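To keep things clear, I will list the structure first and then write my remarks on it.
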Amino acid sequence: MTIARASDEWVPQACTLPTVDQPLRVAEFDLLFRDAVQRFARPFGTRLSLIISADAEAAARDLADRETRCCSFFTFAFEPAGDVVVMQIGVPHSQVAVLDALEHRVSTLQAARGESETI
548 MTIARASDEW VPQACTLPTV DQPLRVAEFD LLFRDAVQRF ARPFGTRLSL
598 IISADAEAAA RDLADRETRC CSFFTFAFEP AGDVVVMQIG VPHSQVAVLD
648 ALEHRVSTLQ AARGESETI
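Residues 548 to 666 in the numbering used here are what the sequence shown lists, from first letter to last.
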């Protein structure tokens, strides 16, 4: 399994989304990571937890649904917690490198925003 690293992309080679659409999907995740993520944690090697604003839940669910159609190894779960939502992103052990790259992207965008905080 390899990951596209150009421009900090984390798209796995196994992705079935047309290549021309992949940068658009990455941009959608970047927007979510930059604007909606308040904190994040990696409780397990195969899971990334994102604390997102509750008003971003619908968009995050839509994005997660579309992502599982092209990268079926991802699992997403959402847990409302007051005025925030915990968005869980899971992968099998064989795809941990993809989750590593995704976590790096979240961290990079949070740091650029000046609010890098892990939980």
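For each residue, glycine too, the CB sits at the ideal point set by N, CA and C. Computed from a predicted structure; not experimentally measured.
With fewer than 16 other CB atoms across the displayed protein chains lying within 10 angstroms of its CB, residue 659 is exposed.
Across the set 613, 579, 631, the C-alpha of 613 shows the shortest separation from the C-alpha of residue 564.
Annotated as distal: residue 596 and residue 620, with beta-carbon spacing of 9 Å or more.
In the DSSP assignment, residue 595 falls within the beta strand (DSSP E) that extends over 594 to 600. The beta-carbon distance between residue 583 and residue 603, rounded to whole angstroms, is 4 Å. This is short enough to meet the 8 Å contact definition.
For residue 633, the closest of 661, 593, 608 by C-alpha to C-alpha distance is 608.
Selection 657, 645, 635 evaluated against residue 594 yields 635 as nearest (Cα-Cα).
Boundaries of the beta strand (DSSP E) harbouring residue 624: 622 to 628, taken from the DSSP string. Comparing C-alpha distances from residue 624 to each of 578, 577, 598, 585 shows the shortest one belongs to 598.
Straight through space, the alpha carbons of residue 637 and residue 628 are spaced by roughly 19 Å. Contact annotation: residue 568 and residue 656 have beta-carbon atoms that are not nearer than 9 Å.
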